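In what follows, a single structure is set out as structure tokens and then discussed.
In our numbering, the protein residues as written are 5 to 513.
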């Protein structure tokens with residue numbers, strides 16, 4: 005695919021194009037059931053599922069909630085909904101009833117596809133519940149795709165800067181543009197000959213875009229795992245001769261603590277490791293590289309950008325702490341609170357020990373432009389790109405002297421102590437240096453004297469001890485006083501999203 009997307013393009017055409025170009029090649033392997041589908045079989049199942057939606061009186065523009073695990077059934081349904089001209093609304097199969105009701109009510113969906121089928125009570129009336137689609141059935145008539153271009157293909161719910169879940173409107177244009185942009189990287193993250201392990205949720209746009217859609221565009225084989233287990237993932241890599249992993253930091257952290265020989269054997273056929281959704285600790289990157297000889301290429305993106313914006317693949321080498329540079333077709337700049345551009349830093353003088361990069365002088369809100377941007381938030385398109393096509397994210401970052409992007413934190417996670425900015429990630433990185441620490445989160449809490457104070461929540465490794473005083477003393481030795489945690493609490497675990505991203509909202513409370 006080129007950089008330009010056809011005005012009539014529908015995302016479901018990726019599946020029909022793959023069926024035409026590689027009908028007998030393996031499209032999907034469902035690791036939980038060992039089901040395998042060729043591209044011709046996948047496209048036939050999509051046609052059957054689209055016809056079923058039509059029989060259920062689903063019309064173009066209707067919202068259809070897909071509540072299925074990462075599986076061949078999910079892939080078939082998401083393509084079928086788009087082929088029918090409807091809007092796919094992915095939902096976590098583990099979402100509690102209250103969350104599902106909220107999603108259905110806000111989106112106005114009238115159809116729910118669930119693995120539980122008739123056992124699921126429709127959360128709002130009137131509505132229809134459909135079970136999982138038939139896979140591998142008899143040939144059925146082709147269902148021509150309805151709509152495309154600026155029509156909304158997906159409505160993905162995400163927690164935006166304001167805190168409340170918002171529906172991100174992703175058009176066919178945006179999704180296909182990102183497929184093209186990512187495909188323009190060199191080396192290409194996924195090629196036709198690759199076998200790709202996708203062990204992250206397809207209901208999240210990262211797994212869907214970089215995993216399913218990118219594989220479909222080039223006719224690669226996607227090995228779908230419903231959930232991630234480190235040893236099981238290595239077994240899948242060996243069984244299916246996996247060459248590419250689409251991963252998140254928690255996956256690589258679990259890999260890094262396995263016996264080196266086991267990790268090296270399991271990843272022996274892999275040529276490329278990708279990571280996204282959250283920062284990867286440099287120690288994990290180094291541990292993976294030492295054992296396998298492979299670098300972990302990090303990227304950055306948002307649901308609102310369908311999703312990829314930057315990657316270290318652009319520069320050709322993984323740089324610890326960096327998420328790389330913009331992919332082809334994406335423009336990126338940093339702006340201040342006054343919307344003025346933030347100047348790029350000049351290279352530091354290695355001969356001058358007093359020449360240091362002051363983070364607050366060069367950080368700004370990451371602001372982006374490209375054909376992959378969303379159409380605003382549901383239902384009226386509010387808060388989308390401005391009249392010039394720029395979208396200001398809630399992520400604070402800076403560009404180093406090489407022009408590579410480093411993310412500091414989200415603007416709503418910023419802690420202000422006596423007027424001084426404290427970025428949680430900086431404090432977390434210092435605390436994570438302690439060998440006893442398994443994971444840490446830093447948040448701001450109300451304080452009568454300073455406005456806000458720094459609080460650290462620490463998960464300690466099994467069978468080791470760590471005190472609050474040890475944490476504080478370690479921070480005092482490396483951080484300015486206002487950045488040192490006022491309080492330290494210990495917890496058994498920290499809250500994460502479905503793709504392993506740390507969530508701080510509940511910790512502030």
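Just so you know, even glycine gets a beta-carbon here, dropped at the ideal spot from N, CA and C.
Predicted model only: the values in this text are computed from it and were never measured.
Practice task
Give me the Cβ distance between residue 489 and residue 476, rounded to the nearest whole Å; I'm assuming they're in contact under 8 angstroms.
Solution key: By one-based count along the chain shown, residue 489 stands at place 485. By one-based count along the chain shown, residue 476 stands at place 472. With a Cβ gap of about 6 angstroms, residue 489 and residue 476 count as contacting.
Practice task
Please confirm if the segment 293–301 is in contact with the segment 145–164, defined as three or more CB-CB distances below 8 angstroms between the two stretches.
Solution key: No, the segment 293–301 does not touch the segment 145–164.
Problem - Cα-Cα separation, residue 169 to residue 265 - result: As a first step, residue 169 must be located in the chain shown, where it is residue number 165. As a first step, residue 265 must be located in the chain shown, where it is residue number 261. Spanning the alpha carbons of residue 169 and residue 265 requires a straight line of approximately 43 angstroms.
Exercise for the section: Under 8 angstroms by Cβ, that's how I've got residue 281 and residue 252 pegged, so tell me the actual separation to the nearest angstrom. Expected result: To locate residue 281, count along the chain shown from 1; it is residue 277. To locate residue 252, count along the chain shown from 1; it is residue 248. Residue 281 to residue 252, Cβ: 5 angstroms. Contact.
Problem - residue 383 classed as buried or exposed, judged by whether at least 16 other C-beta atoms fall within 10 angstroms - result: Locating residue 383 in the chain shown gives position 379, counting from the first residue. Residue burial is scored here from C-beta neighbours: residue 383 has fewer than 16 other C-beta atoms within 10 angstroms and is therefore classed as exposed.
Exercise for the section: Go ahead and label residue 321 buried or exposed: buried means 16 or more other beta carbons lie within 10 angstroms of its beta carbon, across all protein chains shown. Expected result: Position 317 of the chain shown, counted from the first residue, corresponds to residue 321. Exposed.
Handout entry: Backbone secondary structure at residue 259 - three-state DSSP
Key = In the chain shown, the residue the question calls residue 259 occupies position 255. Residue 259 falls in the helix class under three-state DSSP.
Handout entry: Identity of the residue in 311, 420 and 143 nearest residue 453 by Cα
Key = For the purposes of this step, residue 453 is taken as residue 449 along the chain shown, with counting starting at 1. A check of alpha carbon separations from residue 453 across 311, 420 and 143 identifies 420 as the nearest.
Practice task
Report all residues from its chain with a CB closer than 8 angstroms to the CB of residue 159; omit the five preceding and five following residues, and keep chain order.
Solution key: The residue labelled residue 159 in the question sits at position 155 within the chain shown. Excluding residues up to 5 positions away in sequence, 67, 91, 92, 93, 111, 171, 172, 173, 174 and 382 lie with their Cβ nearer than 8 angstroms to the Cβ of residue 159 in the same chain.
Practice task
Answer with buried or exposed for residue 193, where buried requires no fewer than 16 other C-beta atoms within 10 angstroms of its C-beta.
Solution key: Taking the first residue of the chain shown as 1, we reach residue 193 at position 189. By the neighbour-count criterion, in which 16 or more other beta carbons inside 10 Å mark a residue as buried, residue 193 falls on the buried side.
Handout entry: Where residue 245 falls, given that 16 or more other Cβ within 10 Å makes a residue buried
Key = As a working mapping, residue 245 is identified with position 241 in the chain shown. Counting Cβ neighbours within 10 Å, residue 245 comes out exposed, since fewer than 16 surround it.
Exercise for the section: Please confirm whether any heavy atom of the ligand GTP lies closer than 7 angstroms to the CB of residue 174. Expected result: Of ligands this structure carries none, so the ligand GTP is not represented either.
Handout entry: Which of helix, strand or coil DSSP assigns to residue 435
Key = Residue mapping note: residue 435 aligns to position 431 of the chain shown, counting from 1. Helix at residue 435.
Problem - Bridge partners - residue 173, DSSP secondary structure assignment - result: The residue labelled residue 173 in the question sits at position 169 within the chain shown. The partner list for residue 173 (beta bridge, DSSP) reads 159.
Handout entry: Segment contact flag, the segment 190–204 with the segment 399–415, C-beta cutoff 8 angstroms, min 3 pairs
Key = The count of Cβ pairs closer than 8 angstroms, one atom from the segment 190–204 and one from the segment 399–415, stays below three, leaving the stretches out of contact.
Problem - Contact the segment 29–46 vs the segment 218–225: 3+ CB pairs below 8 angstroms - result: The segment 29–46, when compared against the segment 218–225, does touch it at the 8 angstroms Cβ threshold.
Handout entry: Extent of the continuous beta strand (DSSP E) to which residue 511 belongs
Key = Within the chain shown, numbered from 1, the residue matching residue 511 stands at position 507. Taken as a continuous stretch (DSSP letters only), residue 511 belongs to no beta strand (DSSP E), being part of the alpha helix (DSSP H) at 509–512.
Handout entry: residue 48 and residue 143 closer than 8 angstroms at C-beta
Key = On the chain shown, residue 48 is found 44 positions in, with the first residue counted as 1. On the chain shown, residue 143 is found 139 positions in, with the first residue counted as 1. Annotated as proximal: residue 48 and residue 143, with beta-carbon spacing under 8 angstroms.
Exercise for the section: Have a look at residue 364 and residue 228 and give me their C-alpha separation to the nearest angstrom. Expected result: Counting from one through the chain shown, the residue named residue 364 turns up at place 360. Counting from one through the chain shown, the residue named residue 228 turns up at place 224. With a pLDDT of only 48 at residue 364, under the threshold of 50, the placement of this residue in the model should not be trusted; the figure read from the coordinates follows. Rounded to whole angstroms, residue 364 to residue 228 spans 42 angstroms at the Cα level.
Handout entry: Reference residue 287, options 442, 422, 398 and 234, closest by Cα
Key = Indexing the chain shown from 1 puts residue 287 at position 283. Of the listed residues, the one whose Cα sits closest to residue 287 is 442.
Problem - The beta strand (DSSP E) enclosing residue 290, as first and last residue numbers - result: Here the question's residue 290 lines up with position 286 in the chain shown. Run containing residue 290: none in the beta strand (DSSP E); it sits in the alpha helix (DSSP H), 286–296.
Practice task
Quick one: using the 10 Å Cβ neighbour count with 16 as the cut-off for buried, is residue 154 buried or exposed?
Solution key: Residue numbering aside, residue 154 sits at position 150 when the chain shown is read from its first letter. Note on residue 154: under 16 other CB atoms within 10 angstroms of its CB, so exposed under the neighbour-count rule.
Handout entry: Beta-carbon gap between residue 427 and residue 438 smaller than 8 angstroms
Key = Start at 1 with the first residue of the chain shown, and residue 427 comes out as number 423. Start at 1 with the first residue of the chain shown, and residue 438 comes out as number 434. No; because the gap between Cβ atoms is not below 8 angstroms, this pair is not in contact.
Problem - Beta carbon proximity, residue 97 to chain E, threshold 8 angstroms - result: The structure shown has no chain E; it contains just one protein chain.
Exercise for the section: For residue 331, write down the residues that DSSP places opposite it in a beta bridge. Expected result: Numbered from 1 along the chain shown, position 327 holds the residue referred to as residue 331. Answer is none; residue 331 lacks a bridge partner.
Exercise for the section: Please classify residue 457: is it buried, with 16 or more other beta-carbons within 10 angstroms of its beta-carbon, or exposed? Expected result: The residue labelled residue 457 in the question sits at position 453 within the chain shown. Buried, by the Cβ-count rule.
Problem - Reduced DSSP secondary structure (H/G/I, E/B, other) of residue 220 - result: Indexing the chain shown from 1 puts residue 220 at position 216. Residue state, collapsed to three classes: helix.
Handout entry: Alpha-carbon to alpha-carbon, residue 327 and residue 503
Key = The residue given as residue 503 occupies position 499 in the chain shown. The residue given as residue 327 occupies position 323 in the chain shown. Taking the straight line joining both Cα atoms gives about 17 angstroms.
Exercise for the section: Quickly, what does DSSP pair residue 427 with across the bridge? List them, please. Expected result: In the chain shown, residue 427 corresponds to position 423, counting from 1. None; residue 427 has no bridge partner.
Exercise for the section: Measuring alpha carbon to alpha carbon, tell me which of 133, 87 and 210 ends up nearest residue 65. Expected result: Taking the first residue of the chain shown as position 1, residue 65 is located at position 61. Looking at the Cα atoms, 87 is the closest of the given residues.
Problem - Three-state class that DSSP yields for residue 270 in the structure shown - result: Along the chain shown, one-based indexing puts residue 270 at 266. Three-state DSSP puts residue 270 in a helix.
Problem - Coil, strand or helix - residue 147 by DSSP - result: For the purposes of this step, residue 147 is identified with residue 143 of the chain shown, where counting begins at 1. Annotated three-state conformation of residue 147 is coil, per DSSP.
Practice task
Please determine, among 46, 509 and 254, the residue with the shortest C-alpha to C-alpha distance to residue 75.
Solution key: Here residue 75 corresponds to residue number 71 of the chain shown, with the count starting at 1. Nearest option by C-alpha distance: 46.
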